[in-house]
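For the sequence shown, the positions run 29 to 318 when our numbering is used.
Glycine is no exception: its CB is placed at the ideal position from the N, C-alpha and C atoms.
Note that the structure is a prediction, hence the values are computed from the model and not measured.
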Amino acid sequence: MNQQDILRRFVFEALGVRGEWVRLEQSWQSAKQHQQGNALVLKLLGESLAAVVLLSATIKFKGSLILQAQGTGDLKTLVVQSSDDRQIRGLIRGNGVVAKGSLSELFGEGFMVLTIESESAEPYQGIVPLEGNTIAEALQTYFVQSEQLQTRLWLFANETHAVGLLLQELPSQGTYKEDWARIEILANTVTEQELMTLSCEDMLYRLFNEDKVTLYEPEAVSFACSCSQLKIEQTLYSMGRKELEEILAERPQIEVHCEFCGGHYAFDKVDVERILLAGATIKERPATRH
Numbered sequence: 029m030n031q032q033d034i035l036r037r038f039v040f041e042a043l044g045v046r047g048e049w050v051r052l053e054q055s056w057q058s059a060k061q062h063q064q065g066n067a068l069v070l071k072l073l074g075e076s077l078a079a080v081v082l083l084s085a086t087i088k089f090k091g092s093l094i095l096q097a098q099g100t101g102d103l104k105t106l107v108v109q110s111s112d113d114r115q116i117r118g119l120i121r122g123n124g125v126v127a128k129g130s131l132s133e134l135f136g137e138g139f140m141v142l143t144i145e146s147e148s149a150e151p152y153q154g155i156v157p158l159e160g161n162t163i164a165e166a167l168q169t170y171f172v173q174s175e176q177l178q179t180r181l182w183l184f185a186n187e188t189h190a191v192g193l194l195l196q197e198l199p200s201q202g203t204y205k206e207d208w209a210r211i212e213i214l215a216n217t218v219t220e221q222e223l224m225t226l227s228c229e230d231m232l233y234r235l236f237n238e239d240k241v242t243l244y245e246p247e248a249v250s251f252a253c254s255c256s257q258l259k260i261e262q263t264l265y266s267m268g269r270k271e272l273e274e275i276l277a278e279r280p281q282i283e284v285h286c287e288f289c290g291g292h293y294a295f296d297k298v299d300v301e302r303i304l305l306a307g308a309t310i311k312e313r314p315a316t317r318h
């Protein structure tokens, strides 16, 4: 079985603990090809992409889960997103060369936001201060503060792969502290090399061979960007005629660049007039991308 670009969910039914494992390869390569930064910056992006896939599998919803970090340090913005069908994208922005440091040192004073955009409900958003040495530590703090759920994450990324392991107590079941502590101790023995190379089955056997673990079928993960001609036209329409005409008075086209996928969209005066006349009836057309 292919062990790349997949998510595996598992559960310790007798203990009230669930887990997830993810390994990204081609999806990671596709996600980072439009991002710039040194190895440290891209490593953080890869770890965050692995994390958002894991987190998206802890909830049942139709839509997207978005993880954002904002700060005042060398790194300014991190945004990663996973849909319910495990389509991912991400971006990271900073000031030139980013020096070594912990997550909180890299971002400086900042905050982390988790947003669930559901097709059937109002968006849910949780915000906490950005604290911790790694994105894994920051997310663990988030779950303790916002969700009151014991959660542990192991996240790694290099030039070729981004991987992750998540353990979390089931919200609907009581988890004995002794059981959680034992599982956590065992999981803490996992190495970056093992997460990068072992199959999920082999990793679970190596860590938890004395426990009964139910492993579910693999779920494919892929890179996909949700930008589209329709969404951009709707945004332009919402700006209003006056603002659009002021922009076109200074330049021949309104150009929009997607920072996630590198997609480029251009609208001249004829396009803008069509958008304004069509209004809310704008319909999807093949995108004019360059």
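- Inter-segment contact for the stretch 260-274 and the stretch 58-66 is absent: fewer than three beta-carbon pairs are separated by less than 8 Å.
- DSSP places Arg269 inside the alpha helix (DSSP H), whose first and last residues are 269-276.
- Exclusion of the five residues before and after Ala294 leaves Gln281, Glu283 as the residues of its chain whose Cβ lies within less than 6 Å of its Cβ.
- As the crow flies, the alpha-carbon of His292 is around 52 Å from that of Ala42.
- One thing to note: Val241 has its Cβ within 7 Å of the Cβ of Phe38.
- Leaving aside the five residues that flank His189 on each side, the residues in its chain whose CB is nearer than 7 Å to its CB run, in chain order, Arg51, Leu52, Glu53, Trp56, Met224.
- Take Leu83, set aside five residues on each side of it, and the residues of its chain with a beta-carbon closer than 8 Å to its own are Leu93, Leu95, Ser110, Leu142, Leu167, Leu194, in chain order.
- The beta-carbon separation of Ala78 and Phe135, rounded to 19 Å, does not stay under the 8 Å limit for a contact.
- In this chain, the alpha helix (DSSP H) harbouring Gly74 covers 67-84.
- Beyond the five residues adjoining it in sequence on each side, Ile163 comes within less than 7 Å, by CB distance, of Leu72, Glu75, Ser76, Ala79, Leu131, Leu183 in the same chain, given in chain order.
- Ile144: member of the beta strand (DSSP E) spanning 138-146, first to last residue.
- Our two residues, Tyr244 and Glu301, have alpha carbons roughly 52 Å apart in a direct line.
- Secondary structure in the stretch 148-198: the alpha helix (DSSP H) runs of 4 residues or longer, each lying completely within the stretch, are 163-170 in chain order.
- Rounded to the nearest whole angstrom, the C-alpha separation of Ala248 and Gln221 is 22 Å.
- An exposed status is given to Arg269, since fewer than 16 other beta-carbon atoms sit within 10 Å of its beta-carbon.
- Boundaries of the beta strand (DSSP E) around Leu103: 103-111.
- In the same chain as Glu206, and ignoring 5 residues on each side of it, no C-beta atom comes closer than 7 Å to its own.
- Of all alpha-carbon atoms in Thr179, Ile120, Ile303, the one lying nearest the alpha-carbon of Gly101 is that of Ile120.
- For the pair Leu304 and Trp208, the Cα-to-Cα distance works out to about 58 Å.
- Within its own chain, the residues whose Cβ lies closer than 6 Å to the Cβ of Leu70, once the five positions on either side in sequence are excluded, are Lys60, listed in chain order.
- Per DSSP, reduced to three states, the secondary structure at Glu283 is strand.
- In the DSSP annotation of this structure, the continuous segment of the beta strand (DSSP E) that includes Glu48 starts and ends at 45-52.
- Rounded to the nearest whole angstrom, the C-alpha separation of Glu229 and Gly47 is 13 Å.
- Scanning His285, Gly290, Asp296 for the CA closest to the CA of Glu278 turns up Asp296.
- Gln257 counts as buried, since at least 16 other C-beta atoms from the protein chains shown sit within 10 angstroms of its C-beta.
- Taken through DSSP and simplified to helix, strand or coil, Ala42 comes out as coil.
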